[in-house]
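Okay, so here's the structure we're looking at.
Protein chains in written order, with our numbering: chain A, 1435 to 1981; chain B, 211 to 282.
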């Protein structure tokens, strides 16, 4: 088969068919661009949105924007990119209105308006939550609209390498997961919409193994806030389902742990909850439970507001647990959501023609400062939509005037050999061992939550070992070729995260250093930037504008 | 084990399970028009195939196919 078999020419290539990617495709197609979504599953059920809670944060015109900005800068521990934060706040309402026009079903109130639910436990929230009726319907509606607008999609196709010509992105290459057929895509711009890195730890939200991070890194893009991609979530012990309302978590003795350890906290920030859980467990007052006892109205409410795959209440009731009388045992679990690709307000990375959206740049655009996606329920879905729409519009408009890249046969042949190399390895190591070795140093709280220099260096040593063995990974079939590439992207993502964590010698937000336990605004109102230079990973700092 | 089986009597061969699985657990036998659980150990128990199957032909639970290191 020639390297240029299955060559496709488009204006905008969207890698990843989740909520962000499909929104980007719709907006790019509206500009008149030729758009292709390439998705490793199927965009009709693609990405994380179908599993998600279905909660969509929105700043309505009558909500308090200034109060919301102030609160988010406080929560983001002053590391926010404030222009991005304002853009996100301003865009949630108009983009929500577009989603409704495109057919995504939201819950309505009795007067026929959008149902606005005050879910946060704080008095000072300033925004509103709206709810998707049934999360699996999100992608069905959006994909239908994308096709109607003229976008095309390619299913079961996995992309892991970008093509760059003269310093500008020119396309990508990958393969079909069932047939193994190699595909080359030449495009005037590429939108990375395939998530960040969640390291395959949690039951849900596992499908993103850092491919966007790896692709952007290899072509010289910059990254930001990599040290803050360590979201841990309290989940039910066996099913890893979730419920809103961390203030209902209690220890074995029935003491509410958030009120005990963070009595002044007006926000349910993920890392505060995990700190409280850890303290209670390690001091012998575990296990930690979720208790609805005395709060029956919460049981009913939670059933309707969270998507079915994700919903602790639905699963507990199915098991026959009487939640009005019995507690549910919980554990902290890494959700990660590492998404450090640095972008400007148009979601363009530092590589011309390369965009990153959704979870891939949630941390990198720095709109939430130190908080990764998932720290505040209800933020990731609208962020994917806002960033996807912005990138799609921009990429689509620019593509109409840009020249079409031409195939470079030699480069495509080299990429094909590189991508398929694990199939030629005999007597090598299994990619599943590599995935497990990375998880061993990224999942435990002792490495990724309560950090110190010696454990970070220990973890980096183990990650270095995995990276050194990448060329010896053996793939028995095309499915395992994908797994081999996932080891590569997980290892790179973990290395970037821990090198940035080592560099930040302070504690700020969810970045907790036992050896530097104070927040240091004098020296650390800075972002850590990462980029590949030659064969090295370079890190440096940039000051954070405080206006 | 998370994905146990696809009931041949109930399955109508629509292929949704094969298409929607985020971990590429399923293959699809085009001649027999029937999904194949090719990589059961890769199942993370997301339940998506079970939730989307139009005839309730799939037995799946939230248990993962592989052990994953825990936070504590």
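Just so it is clear, CB atoms sit at the ideal spot from N, CA and C, and this is done for glycine as well.
Proximity test, Cβ basis, 7 Å: residue i and chain A
i: residue 225 (chain B); result: no
i: residue 255 (chain B); result: yes
i: residue 234 (chain B); result: yes
i: residue 241 (chain B); result: no
i: residue 216 (chain B); result: no
i: residue 246 (chain B); result: no
Interface partners of residue i on chain A, CB under 7 Å
i: residue 292 (chain B); result: The shown model of chain B, from 211 to 282, leaves out residue 292 (chain B), and the question about it has no answer.
Member of the options whose CA lies at the smallest distance from the CA of residue i
i: residue 1682 (chain A); options: A:1724, A:1925, A:1588, A:1490; result: A:1724
i: residue 1577 (chain A); options: A:1592, A:1536, A:1945; result: A:1536
i: residue 1633 (chain A); options: A:1931, A:1944, A:1942; result: A:1931
i: residue 225 (chain B); options: B:255, B:271, B:277, B:264; result: B:264
i: residue 1936 (chain A); options: A:1674, A:1570, A:1697, A:1881; result: A:1881
i: residue 1861 (chain A); options: A:1885, A:1910, A:1872; result: A:1910
i: residue 1958 (chain A); options: A:1463, A:1512, A:1920; result: A:1512
i: residue 1759 (chain A); options: A:1728, A:1743, A:1734; result: A:1728
i: residue 1508 (chain A); options: A:1552, A:1663, A:1703; result: A:1703
i: residue 1599 (chain A); options: A:1699, A:1837, A:1561, A:1641; result: A:1837
i: residue 233 (chain B); options: A:1916, A:1943, A:1962; result: A:1916
i: residue 1481 (chain A); options: A:1490, A:1454, A:1497; result: A:1454
i: residue 1800 (chain A); options: A:1968, A:1831, A:1977; result: A:1977
i: residue 1630 (chain A); options: A:1575, A:1926, A:1490, A:1885; result: A:1926
i: residue 1604 (chain A); options: A:1588, A:1618, A:1610; result: A:1618
Within chain B, partners of residue i - CB distance below 7 Å
i: residue 1589 (chain A); result: 229
i: residue 1766 (chain A); result: 281, 282
Neighbour-count burial assignment, residue i, 16 or more Cβ in a 10 Å radius
i: residue 1806 (chain A); result: buried
i: residue 217 (chain B); result: exposed
i: residue 1466 (chain A); result: exposed
i: residue 1979 (chain A); result: exposed
i: residue 1706 (chain A); result: buried
i: residue 1636 (chain A); result: buried
i: residue 241 (chain B); result: exposed
i: residue 1661 (chain A); result: buried
i: residue 1544 (chain A); result: exposed
i: residue 1967 (chain A); result: exposed
i: residue 1769 (chain A); result: buried
i: residue 1970 (chain A); result: exposed
i: residue 1952 (chain A); result: exposed
Residue i - partner residues in DSSP beta bridges
i: residue 1766 (chain A); result: A:1668
i: residue 1883 (chain A); result: In DSSP, residue 1883 (chain A) forms no bridge with anything.
i: residue 228 (chain B); result: In the DSSP output, where bridge partners are listed per residue, residue 228 (chain B) has none listed.
i: residue 1551 (chain A); result: A:1563
i: residue 260 (chain B); result: Looking at the DSSP assignment, residue 260 (chain B) forms no beta bridge with any residue, so it has no partner.
i: residue 1975 (chain A); result: A:1962
i: residue 1449 (chain A); result: A:1472, A:1626
i: residue 1599 (chain A); result: A:1602
i: residue 1808 (chain A); result: According to DSSP, residue 1808 (chain A) bridges with nothing at all.
i: residue 1619 (chain A); result: A:1442, A:1606
Interface partners of residue i on chain A, CB under 9 Å
i: residue 265 (chain B); result: Here the premise fails: no neighbours, minimum Cβ distance about 16 Å.
i: residue 270 (chain B); result: Within 9 Å Cβ-Cβ: nothing; residue 270 (chain B) doesn't reach chain A, min ~11 Å.
Interface partners of residue i on chain B, CB under 8 Å
i: residue 1640 (chain A); result: 232, 233, 254, 256
i: residue 1666 (chain A); result: 281
i: residue 1476 (chain A); result: 229, 230
i: residue 1879 (chain A); result: 281, 282
i: residue 1479 (chain A); result: 226, 229, 230, 258, 262
i: residue 1485 (chain A); result: 256, 258
Partners in chain A for residue i, counting only beta-carbon separations shorter than 8 Å
i: residue 237 (chain B); result: 1612
i: residue 213 (chain B); result: What residue 213 (chain B) touches in chain A: nothing, since even the nearest Cβ is about 13 Å away.
Within-7 Å CB hit, residue i to chain B
i: residue 1573 (chain A); result: no
i: residue 1580 (chain A); result: no
i: residue 1743 (chain A); result: yes
i: residue 1673 (chain A); result: yes
i: residue 1473 (chain A); result: no
i: residue 1637 (chain A); result: yes
i: residue 1617 (chain A); result: no
i: residue 1913 (chain A); result: yes
i: residue 1436 (chain A); result: Model confidence at residue 1436 (chain A) stands at a pLDDT of 47, short of 50, so the residue's coordinates are unreliable; what they give is reported in the following sentence. So no, residue 1436 (chain A) is outside the interface.
Contacts that residue i makes with chain B (C-beta to C-beta distance below 9 Å)
i: residue 1715 (chain A); result: 282
i: residue 1577 (chain A); result: Going along chain B, no residue has its Cβ under 9 Å from residue 1577 (chain A), so there is no contact; the nearest lies around 12 Å.
i: residue 1874 (chain A); result: 279
i: residue 1916 (chain A); result: 234
i: residue 1609 (chain A); result: Neighbours of residue 1609 (chain A) on chain B: none; closest Cβ ~12 Å, over 9 Å.
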